[in-house]
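What follows is a short report on a single structure.
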Amino acid sequence: MRFIGIIFRALKSLTFGKLLKVFSIGIMHPLFAFLYTYASLKAFQKAKELYPKTNSNSGIGNAFRHAYWCCLIMMYFCKVSSPEKSLKWCKKLTDMHEDLFPNKPLETKMDLHNNQLGMDYFMSLLPGIHRQFFESSFFIDELQKKTQDAILITS
């Protein structure tokens with residue numbers, strides 16, 4: 162239930178213009194908005210389970226969470242839409258997230274990099290697995306390996 166509180170606090174922190182942007186996405190594509198929110202919840206829970214100390218701040222857990230989040234978004238979107246449209250919307254929504262909830266420039270750059278890593282990893286799996294048969298467990302081991310090599314940049 163902590164996640165629900167986080168969502169409400171995040172929405173409460175937005176300006177009216179930013180709130181309109183969020184709700185316009187929900188109106189334009191309500192199914193994607195729901196799946197995006199569900200993927201956010203699942204990614205947050207898994208990162209918290211695997212990386213309790215670094216899941217929500219800079220570090221390996223945060224890198225994993227962003228990459229896994231994008232894999233989940235792509236997986237859910239691809240179950241209801243084409244991979245091309247799913248990729249376009251995943252990029253649009255995750256970039257919008259970074260715009261709506263800005264961090265320090267370096268943290269934003271790292272988040273965008275890890276988001277792209279997740280999208281690229283998902284797309285690399287598509288030729289070997291039909292998009293309807295993906296499961297969330299497909300991504301965890303490989304993303305953990307990739308994030309073990311992550312470098313925390315501080316300046």
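Each number in this note's numbering comes from the position in the sequence shown (counting from 1) with 161 added on.
Note that CB positions come from ideal geometry on N, CA and C, so glycine has one too.
Using 8 Å as the cut-off, can you tell me whether the region 220-240 makes contact with the region 263-279, which would need three or more C-beta pairs spanning the two stretches below that distance?
Short answer: they touch.
Please confirm whether Leu233 and Lys203 have their CB atoms less than 8 Å apart.
Taking the C-beta atoms as reference points, Lys203 is found nearer than 8 Å to Leu233.
Answer with buried or exposed for Met235, where buried requires no fewer than 16 other C-beta atoms within 10 angstroms of its C-beta.
buried
Is the beta carbon of Leu267 less than 8 Å from the beta carbon of Ile314?
yes
For the putative contact between Lys182 and Met257, defined by C-beta atoms under 8 Å, what is the C-beta separation to the nearest angstrom?
7 Å
On a CA-only basis, which of Leu192, Ile290, Lys214 and Tyr199 is nearest Ser242? Give me that one, please.
Leu192
Here's the rule: buried if 16 or more other CB atoms are within 10 angstroms of the residue's CB, otherwise exposed. What is Lys207?
So Lys207 counts as buried.
Pull up the distance between the alpha-carbon of Cys239 and that of Ser174, whole angstroms please.
Near 31 Å, if we compare the C-alpha coordinates of Ser174 and Cys239.
Close Cβ partners of His317 (< 8 Å) along its chain, the five nearest in sequence each way excluded
Here the chain comprises residues numbered 162 to 316, so residue 317 is not present and cannot be evaluated.
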